[in-house]
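Peer 1: Okay, here's the structure, questions in a sec.
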Amino acid sequence: MSEVANASPREIAHFDALASRWWDADGESRPLHDLNPVRLAYIQARIELRGARVADVGCGGGLLSEALARAGAAVTAIDLSTQVIEVARLHLHESNLQVDYRVQSSADLAAVEAGAFDAVCCMELVEHVPDAAALVRDLAALLKPGGCLFMSTLNRTPTAFGVAILGAEYMLRLLPRGTHHYAKFLRPSELTRLLRASGLQAEDVSGVAYDPWRRKAWQSRSTSVNYLLSARKPA
Numbered sequence: 000m001s002e003v004a005n006a007s008p009r010e011i012a013h014f015d016a017l018a019s020r021w022w023d024a025d026g027e028s029r030p031l032h033d034l035n036p037v038r039l040a041y042i043q044a045r046i047e048l049r050g051a052r053v054a055d056v057g058c059g060g061g062l063l064s065e066a067l068a069r070a071g072a073a074v075t076a077i078d079l080s081t082q083v084i085e086v087a088r089l090h091l092h093e094s095n096l097q098v099d100y101r102v103q104s105s106a107d108l109a110a111v112e113a114g115a116f117d118a119v120c121c122m123e124l125v126e127h128v129p130d131a132a133a134l135v136r137d138l139a140a141l142l143k144p145g146g147c148l149f150m151s152t153l154n155r156t157p158t159a160f161g162v163a164i165l166g167a168e169y170m171l172r173l174l175p176r177g178t179h180h181y182a183k184f185l186r187p188s189e190l191t192r193l194l195r196a197s198g199l200q201a202e203d204v205s206g207v208a209y210d211p212w213r214r215k216a217w218q219s220r221s222t223s224v225n226y227l228l229s230a231r232k233p234a
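Read in numbering that gives the first Met the number 0, the sequence shown has 119 at position 120, and its numbers run on one by one without any break.
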């Protein structure tokens, strides 16, 4: 691993603490379970997963990684939290799927497998790293020419602050307090600028809505809180 990874030790410790209940659909990772089908559908609408080689960067306990593998992709999934990777590997015994889980940084994966992936997924990670631009450069480097990048994150708006931090962390307690830091949220214009600087072409930005009481998530026209983004590396 690189001597200086693009990660905060505090963030890694935070997700280590969630590891044991990652696959508990009623636990602290409940919103991730509810959002996962929407993310998978967004990806499947834009790329044929069967036979595709896909990197899941910041995979956590493997919710999306397993869904991608179940859809037929060959998945390499990386995270810097040793404990969540251990949980992800253990869950493969239950799901009987194949995922190549690694405790590895995006920079280290890009150094050894540049241009190796048909698609790269990076969900809810960019708002947790110290250097968002460096992460985007790594993601771009991993893609084959013509490959697709899929990201999800939170918009830096007063609505997102109210919903994702005050609502989800303090009022409803859907997430542990301190999960998000408002200053790290990126507006779609800011993220697409980082993509262009890394040689990628943004193709779509779609909002994601979530009703925690009904536990329903869906694509929305509004990007005021959560949004999904797709981009392509020129062929």
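Positions of the beta carbon are idealized from the N, C-alpha and C atoms, including for glycine.
In this text the structure is predicted, and so the values were computed from the model without any measurement.
1) Applying the 10 Å Cβ sphere with the 16-neighbour rule, what's the burial state of Arg-231?
2) Identify whether Ser-223 lies in helix, strand or coil by the three-state DSSP scheme.
3) Sort out for me which residues DSSP pairs Tyr-209 with in a bridge.
4) In this structure, what does DSSP give as the bridge partners for Asp-55?
5) For His-180 and Ser-151, what's the separation of their Cα atoms in angstroms?
6) With a cut-off of 8 Å, do at least 3 Cβ pairs link the segment 95-104 to the segment 61-75?
7) Applying the 10 Å Cβ sphere with the 16-neighbour rule, what's the burial state of Arg-214?
8) Just to confirm before moving on: does the CB-CB distance between Asp-33 and Ala-216 stay below 8 Å?
9) Answer with buried or exposed for Ala-118, where buried requires no fewer than 16 other C-beta atoms within 10 angstroms of its C-beta.
10) Taking the beta carbon of Leu-228 as the centre, do at least 16 other beta carbons fall within 10 Å, making it buried, or is it exposed?
11) Can you give me the C-alpha to C-alpha distance between Met-0 and Gly-145, rounded to a whole angstrom?
12) Name the DSSP bridge partner or partners of Asp-99?
13) Using alpha carbons as the reference points, say which of Ala-72, Asn-154, Ala-110, Thr-222 lies closest to Leu-256.
Peer 2: So, from the listed chains and residues:
1) Translated into the one-based positions of the sequence shown, residue 231 becomes position 232. Arg-231 should be labelled buried.
2) Numbered from its first residue, the sequence shown carries residue 223 at position 224. DSSP places Ser-223 in coil when its eight states are reduced to three.
3) If you number the sequence shown from 1, residue 209 lands on position 210. Note: Tyr-209 sits in a beta bridge opposite Ala-216.
4) On the sequence shown, position 56 is the one that residue 55 refers to. Paired residue(s): Ala-76, Cys-120.
5) The residue you call residue 180 lines up with position 181 of the sequence shown. The residue you call residue 151 lines up with position 152 of the sequence shown. Near 16 Å, if we compare the C-alpha coordinates of Ser-151 and His-180.
6) yes
7) Here residue 214 is taken as the residue at index 215 of the sequence shown, counted from 1. Classification for Arg-214: exposed.
8) Position 34 of the sequence shown, counted from the start, is the residue given in the question as residue 33. Position 217 of the sequence shown, counted from the start, is the residue given in the question as residue 216. In this structure, Ala-216 lies closer than 8 Å to Asp-33 by Cβ.
9) Walking along the sequence shown from the start, residue 118 turns up at place 119. Counting Cβ neighbours within 10 Å, Ala-118 comes out buried, since at least 16 surround it.
10) Along the sequence shown, one-based indexing puts residue 228 at 229. Buried, by the Cβ-count rule.
11) Here residue 0 corresponds to residue number 1 of the sequence shown, with the count starting at 1. Here residue 145 corresponds to residue number 146 of the sequence shown, with the count starting at 1. Any reading at Met-0 must be qualified, since the residue scores a pLDDT of 45, below 50, and its modelled position is unreliable; the value itself is stated next. Taking the straight line joining both Cα atoms gives about 28 Å.
12) Looking up residue 99 in the sequence shown gives position 100. According to DSSP, which records beta bridges pairwise, Asp-99 is partnered with Thr-75.
13) No information on residue 256 is available, as it lies outside the stretch 0 to 234 that the chain covers here.
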